[in-house]
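Novice:
Protein chains: 4
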Amino acid sequence: MAKKKEVQSSVKDESLIEKRRTQMIQAAVQLFKEKGFHRTTTREIAQAAGFSIGTLYEYIRTKEDILFLVCDNIYNEVQARISTLAMERGTIAELKSAIERYYTLIDDMNDEFVVMYQESKSLQKDALAYVLKKELEMVAIFEEMLRTCYDNDSLTIEREDIPLAAQHIVIQGQMWAFRRWALAKQYSLAQFIERSQQQLLQGMIKGVS
Amino acid sequence: MAKKKEVQSSVKDESLIEKRRTQMIQAAVQLFKEKGFHRTTTREIAQAAGFSIGTLYEYIRTKEDILFLVCDNIYNEVQARISTLAMERGTIAELKSAIERYYTLIDDMNDEFVVMYQESKSLQKDALAYVLKKELEMVAIFEEMLRTCYDNDSLTIEREDIPLAAQHIVIQGQMWAFRRWALAKQYSLAQFIERSQQQLLQGMIKGVS
Amino acid sequence: MAKKKEVQSSVKDESLIEKRRTQMIQAAVQLFKEKGFHRTTTREIAQAAGFSIGTLYEYIRTKEDILFLVCDNIYNEVQARISTLAMERGTIAELKSAIERYYTLIDDMNDEFVVMYQESKSLQKDALAYVLKKELEMVAIFEEMLRTCYDNDSLTIEREDIPLAAQHIVIQGQMWAFRRWALAKQYSLAQFIERSQQQLLQGMIKGVS
Amino acid sequence: MAKKKEVQSSVKDESLIEKRRTQMIQAAVQLFKEKGFHRTTTREIAQAAGFSIGTLYEYIRTKEDILFLVCDNIYNEVQARISTLAMERGTIAELKSAIERYYTLIDDMNDEFVVMYQESKSLQKDALAYVLKKELEMVAIFEEMLRTCYDNDSLTIEREDIPLAAQHIVIQGQMWAFRRWALAKQYSLAQFIERSQQQLLQGMIKGVS
DNA sequence: CATGAATGAGACTTCATTCAT
DNA sequence: GATGAATGAAGTCTCATTCAT
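Protein chains in written order, with this note's numbering: chain A, 88 to 296; chain B, 88 to 296; chain C, 88 to 296; chain D, 88 to 296.
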C-alpha cells in the first residue's frame, strides 16, 4: 500500500487536508466534466469548492495536482469496492458478480471516469505512470479471476486469450462510461450489465451452448 | 452529404487551401499526439507545417478549426474506405471483411484516431455535434450490416441487441487505437483482428457451436 | 540617543521581545545573505527562527521591520565596540587601533554587513534615513579622529580632505565585507588591516617618508 | 569576443531586437534605480519602454533577462570606453588618465552603476558568474597598468600589493557611484578625481615625495 | 498571398498579513 | 502569547489572434 506519489500541502492538520481535498475534488470533477481540465481555471475550482484561491494553493502545489488527486481518488474508490470480491473458489457466478459490481461502480462514478480517461494524459510523466499502473492493476484483477476460473476447469477459452478477454471486460465498462448518453436510450444499467455478461462470457463458459 | 460545418478561409485558390490544410493537419496530428491540443500552440503548428503563423491564419479562423479539420479528415478517410463494402447480400464473410478493413484503417491512422478520441471534446458545440454524428454513422454502418445478416437468417443474436453489438465492434477498434502499445506485445494486427472477429461474433453466428 | 524609529510589537514583555527579536535577526541575516531580502519569505524567517508565522507577527508589523532590525542591530554593535575608543589625545596609534577594531568588527559581522549594504535600499524612506544617519555617524567618528590628529599636528593632509579620507577608511572596510572571498586568498585579516593602514595613512603622516 | 550568455528572443529582425532592447534597458535602469529590481514590475518596464507587456516578452524570456541585459550593457560600454587606453609605454600619466576616464564614465553612467551593484546579486548563477567575470576583468585592466608601471620602474609599491591597489582604484570609483549624493556637496567630479589620484597614487610613485 | 511583430486578456502561482482558536 | 489556516492582491508569463508591410 505504498504511496507512489504524494501531493504536498503546506497545511499540517491531516483531517483538514482530507476535508478540503474532498471539496476540491468534487468541485474539480464537475468542472472538468463540463469544460475539460485545460479550460477550467484554478480560480473556478477554488470558488466551486467554496474557498479562496489562496486556500486552494495551501493544499496543492500546482493545478496538475488537482487532476492527479481526482484520478487517484477514483482508483482508490474503485479498488476499495472491487477488492471486496474475495474470489475464493473462482466460480462463474463470482465473475459475473464482479462484472456487475464494476459496471455499477462505473455508473455511480460516471463523471469521474470520464474525466479520468479524458484528462489523465495531461499529467506529468511520473503522475501518469502512477495512474497507468493503477489501470493495469484493474485489468489484472479480472485476469486473475479468469485464470482461476480457467484452472477450475470452467472456461473453454484458450489460456493465452485471457489477457485480451480481461481487457475486453474493462473496455466494455469504459463503453458505458463514455456512451451512457447514447446507450441509456436503449438499455437500463441492469440490462446493459446482463447483455454484457452474456456477450462477454458467451461461448467461453463450459456447459453453456 | 451536406457539409454541416465549413472552415472559412480568406484564400480563394481551392487547390492551395487543400494543400496548405493537408500540411497543417499532418503537423497538428503529430503535435496533438505528443502534447495534446491545449499544450500545442498555433505557432508550433505553423512552424511544423512549414509556414508562418500569419499564413496559418489565412486558412483557418481559430485554433479549434485545426482540430476540426483533423477530425473531419479522419471520417472522410474512414467513409471512403469502409463504404466501398456494398454489403449487397449481407454475408458473414462480408461482415468479417468490414471489421478487418476497419481495424486495418485504425492501425494505419493510429495517430489521428488517438488524437480524435482524446481531443474532440475540445470542439465547440456545433463542431462536436458534427463529429459525433459522423461517429454514429460509423456505428450505423455496422448496425446495418448486422441487421442484413440477421434478416439473412445468419445470426442467433436478438434483434434488439444489434446496436450493442455494433457499438462493440467500434469500441474494440478503439481498443486497438488506444492500447496498441500494450497489445502489440502479444498480438500482431492480423492476430488481433482474428481474435476480435472470433470474440465479437462467437456465439451469434448460426451453425457455429 | 533618541530612537528615530521604533518597531512596534503587540507583546508587552520586554525581555521576551528582546529574545524573540534576536532569534529572528539571526535567522533573517542568514536567509537574506543566501537569497536576498525579497526572495526570503516571512514564513521562512519564522521557521528558521523557531516559531510560527503568527508569532513572528506578534513582534513586528511588517516584513520590512525585520530588515530594519537587522540594520539597527549592526549599528548598535558597531557603536558599542568603536565608541570605546575615547580618542582622548588623538594619536596616530589610536587612529590605527580604531581602524583595526572597525575592520575586525566587519570581519566578525561579515554576514550582517553584507546584508545591510545589499538590502538597506529596500527600507522605507524613514527607516532608510535612519540607517543612513547611523552610517554618517560612523564616518563622522573617523572624521573626528582625523581632525584631532590634524589639530595635534600629526597629519600632512589638507584639512578639507579629511571627510574624503574618512569615507575612504569606511569604504575600505566595506571592501573587506564584500570581497573577503576574493581577498582572503591573498591576505589574512591581520595582513589586510596592516596594508590598509599603510595605504590609507601613507603620506598623510608626518615624519613618515 | 565570445558571448557567454545570450538572451533569447522570438523576434528575428536583429536590428529591431537591438532597438527594442535599448528602449527596454533605458526604461528598466530608470525604474530599477527608483524602486529596485524586485519592486519594479515587468508591466511597468514595458509601459515605460513604450510597448505592451506582450511585446516585452517577445524580446526576453524572463524578467531576470532584463537585469542581465542592463548589466551586460554597462560592461560593454565600460570596456569600450576604457579599452581605448592603449597603455603602450605604461607611464604614470597614462595611469592617471585611465583613472580619470573610468571615474568620468562612472559619473556618466551613475544610474546604471548603482543598479548593477545593487541588483546583480539577483541574477541566476550563470548570469551572475558572467557579470562577476566582467568585473574582475575591470580590476585586471588596472592591475595590468600598475604592473607595466612597476616594470617601468615607476612604482615604489611592492609587486605583491598591486592587486590590492587595483581593487582600491575600482572601489574608489564605486564610492563615487554610491555616494555621489553625499560627496558632491563637497567636491565636483574633477576635484574628486584629482583628490583620488593623489590619495591612491601618493607614495607609490617614485620621485614624488 | 505571405510574413512576423504587436497586442493584451487571462492563466497560474506566491506571499505578506490577519484573526479565530 | 502562540498557532497556523485563510485570504486576495499582485506578479510573471503565455499565446491566440490581428494587421501593416
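Backbone N, C-alpha and C fix where the C-beta goes; we use that ideal spot for every residue, glycine too. On a predicted model such as this, the values are computed, not experimentally measured, just so you know.
1) Take B/GLN259 and list the residues in its own chain whose beta-carbon comes closer than 7 Å to its own, dropping the five residues that flank it on each side.
2) Mind checking whether D/LEU233 and D/ILE292 have CB atoms under 9 Å apart?
3) Verify whether the separation of the beta carbon atoms of C/ALA115 and C/ILE169 is less than 9 Å.
4) Work out the CA separation of B/GLU151 and B/GLN134 for me, nearest whole Å.
5) Hey, D/ILE161 and D/MET203 are a contact pair by Cβ (cut 8 Å); roughly how many whole angstroms apart?
6) Can you list the residues of chain B that A/GLN254 reaches, using a CB-CB cut of under 9 Å?
7) Between A/ASP240 and chain B, is any beta-carbon pair separated by less than 9 Å?
8) Determine the direct distance from the alpha carbon of D/LYS106 to that of C/ARG87, and round the result to whole angstroms.
9) Along chain B, which residues have their Cβ under 7 Å away from the Cβ of A/LEU251?
10) Residues in the segment 193-223 of chain B with C-beta within 8 Å of chain A's C-beta atoms, listed in sequence order?
11) Considering only residues of the segment 126-186 of chain B, which uninterrupted alpha helix (DSSP H) runs meet the minimum length of 4 residues and lie entirely inside it, listed in chain order?
12) Does the beta carbon of C/GLY137 come closer than 9 Å to any beta carbon on chain D?
13) Tell me the residue span of the alpha helix (DSSP H) that contains A/LEU233.
14) With DSSP as the reference, identify every bridge partner of D/ILE292, one or two as the case may be.
15) How would you write the range of the alpha helix (DSSP H) that A/ALA271 sits in, first residue to last?
16) Rounded to whole angstroms, how far is the Cβ of D/ASN163 from the Cβ of D/ALA264, which I believe are closer than 8 Å?
17) Hey, could you find the ends of the alpha helix (DSSP H) C/GLU199 is sitting in?
18) Might you give, ordered along the chain, the residues of its own chain that have their beta carbon closer than 8 Å to the beta carbon of A/GLN254, omitting 5 neighbours on each side?
19) Just verifying my parser: in three-state terms, what is the DSSP assignment at A/GLU93?
20) How is A/LYS99 classed by DSSP in three states: helix, strand or coil?
21) My output table needs one value for C/SER275: the three-state DSSP class, helix, strand or coil.
22) Taking CB distances under 9 Å as the criterion, tell me whether C/TYR162 reaches chain D.
23) Apart from the five residues on each side of it in sequence, which residues of its chain come closer than 7 Å, Cβ to Cβ, to A/ILE249?
24) Taking Cβ-Cβ distances shorter than 7 Å, what residues in chain B pair up with A/ASP248?
25) Going by beta carbon distance, what residues of the same chain come within less than 7 Å of C/ILE132, once the five residues before and after it are set aside?
26) Give me the chain C residues within the contact set of D/GLN273, using Cβ-Cβ distance strictly less than 7 Å, ordered along the chain.
27) Are the C-beta atoms of A/GLN259 and some chain B residue less than 9 Å apart?
28) Between the C-alpha atoms of D/LYS208 and B/ALA271, what's the straight-line distance to the nearest angstrom?
29) Thinking C-beta only, is B/ILE186 closer than 9 Å to B/ILE280?
30) With a 10 Å radius around its C-beta and 16 neighbouring C-beta atoms as the bar for buried, classify D/ALA136 as buried or exposed.
31) Closer than 9 Å, CB to CB, is C/ARG126 near chain D or not?
32) Rounded to a whole number of angstroms, what is the C-alpha to C-alpha distance between C/ILE193 and A/ARG108?
33) Please name the residue in B/LYS221, B/ILE104, B/THR129 and B/TYR274 whose C-alpha comes closest to that of B/ALA167.
34) Does DSSP put B/MET88 in a helix, in a strand, or in coil?
35) Does D/GLN286 have its Cβ less than 9 Å from a Cβ in chain C?
Specialist: Once the coordinates are examined:
1) For B/GLN259, where only same-chain residues beyond five positions count, the Cβ hits under 7 Å are SER283 and LEU287.
2) Between D/LEU233 and D/ILE292, the C-beta gap is not smaller than 9 Å, which leaves the two residues out of contact.
3) Cβ atoms of C/ALA115 and C/ILE169: not closer than 9 Å.
4) Each residue's Cα considered, the two are about 17 Å apart.
5) Rounded to the nearest angstrom, the Cβ distance from D/ILE161 to D/MET203 is 5 Å, consistent with a contact under 8 Å.
6) Under the 9 Å cutoff, chain B gives MET262, ARG266, ALA269 and LEU270.
7) No, its Cβ sits nowhere closer than 9 Å to a Cβ of chain B.
8) The structure shown does not extend to residue 87 of chain C, since chain C is modelled only from 88 to 296, so the question has no answer here.
9) At a beta-carbon threshold of 7 Å, the residues of chain B lying near A/LEU251 are ARG282, ordered along the chain.
10) Listed in sequence order: GLN205, LYS208, SER209 and LEU223.
11) Counting only runs of 4 or more, we get 129-136, 140-146 and 150-169.
12) For C/GLY137, the nearest beta carbon of chain D is not closer than 9 Å to its own beta carbon.
13) Element bounds for A/LEU233: 212-238.
14) According to DSSP, D/ILE292 bridges with D/LEU242.
15) Unbroken run through A/ALA271: none, as it is neither H nor E.
16) The beta-carbon distance between D/ASN163 and D/ALA264, rounded to whole angstroms, is 17 Å. This is too long to meet the 8 Å contact definition.
17) For C/GLU199, the enclosing alpha helix (DSSP H) stretches over residues 197-206.
18) Closer than 8 Å at the Cβ level, and outside the excluded window around A/GLN254, lie VAL226.
19) Coil at A/GLU93, not helix or strand.
20) Under the three-state reduction of DSSP, A/LYS99 is assigned to coil, being neither helix nor strand.
21) Here C/SER275 carries a coil assignment [DSSP, helix/strand/coil].
22) No - not a single Cβ of chain D is within 9 Å of the one on C/TYR162.
23) Once the five neighbours on either side are set aside, the close Cβ partners of A/ILE249 are GLU230, LEU233, ARG234 and TYR237.
24) The contacting residues are ARG282.
25) In the same chain as C/ILE132, and ignoring 5 residues on each side of it, the C-beta atoms closer than 7 Å to its own belong to MET111, ALA114, ALA115, LEU118, LEU143 and ILE153, in chain order.
26) Under the 7 Å cutoff, chain C gives PRO250.
27) Taking Cβ atoms only, chain B reaches closer than 9 Å to A/GLN259, which makes this a yes.
28) Cα to Cα, D/LYS208 sits roughly 55 Å from B/ALA271.
29) In this structure, the beta-carbon distance from B/ILE280 to B/ILE186 falls below 9 Å.
30) Buried, by the Cβ-count rule.
31) Interface residue, yes.
32) Between C/ILE193 and A/ARG108, the C-alpha separation is close to 51 Å.
33) Ranking B/LYS221, B/ILE104, B/THR129 and B/TYR274 by Cα distance to B/ALA167 puts B/LYS221 first.
34) Confidence in B/MET88 is poor, its pLDDT being 42 and thus under 50, which makes the residue's placement too unreliable to answer from.
35) Judged by the 9 Å Cβ criterion, D/GLN286 is in contact with chain C.
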